[in-house]
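Okay, structure first, notes after.
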């Protein structure tokens, strides 16, 4: 499945790990630090488990997950990521930048928002709760 993600333009950007009972992340991909408004995918055992949109930077979005306090889906993902990290499965973070906007007249078209529905339908990630 990772090969399919990479073919679409996703790149491994980092990983999650557990440290003293807390969920920690490392974003290693320089492009992911600077890029705003992209798609991310949480991968465990080479299988996409969750797709999301990072409206700001990926670093900021992962910080929200590490805190685990911002709503039901993030809470579910936090517990699932921590469970995988505790099982030594090293949950990975994949990212696809959305730096190229399309325009219809003067209106920007957000490719990330348009792609996520198709990705969820195609990959059927098990952590999507809504």
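In my numbering, the protein residues as written are 57 to 186. Cβ coordinates follow ideal geometry from the N, Cα and C atoms, glycine included. Since we're looking at a predicted model, the values are computed, not measured.
With respect to the C-alpha of residue 122, the residue from 153, 97, 162 and 81 having the closest C-alpha is 81. Residue 145 sits in coil when the DSSP states are folded into three classes, being neither helix nor strand. Cβ-Cβ distances below 6 Å link residue 110 to 94, 96 and 117 in the same chain, with the five nearest sequence neighbours on each side left out; the list follows chain order.
In this chain, residue 107 is not harboured by any alpha helix (DSSP H); it is covered by the beta strand (DSSP E) spanning 103 to 113.
In the three-state DSSP reduction, residue 151 falls in the strand class (E or B).
Assignment of residue 170 by DSSP, reduced to helix, strand and coil, places it in the helix class. Burial check for residue 98: the Cβ neighbour count within 10 Å reaches 16 or more, so the residue is buried.
Excluding the 5 residues flanking it on each side, residue 150 has same chain C-beta neighbours closer than 7 Å at 61, 66, 67, 68, 69, 96, 97 and 99, in chain order.
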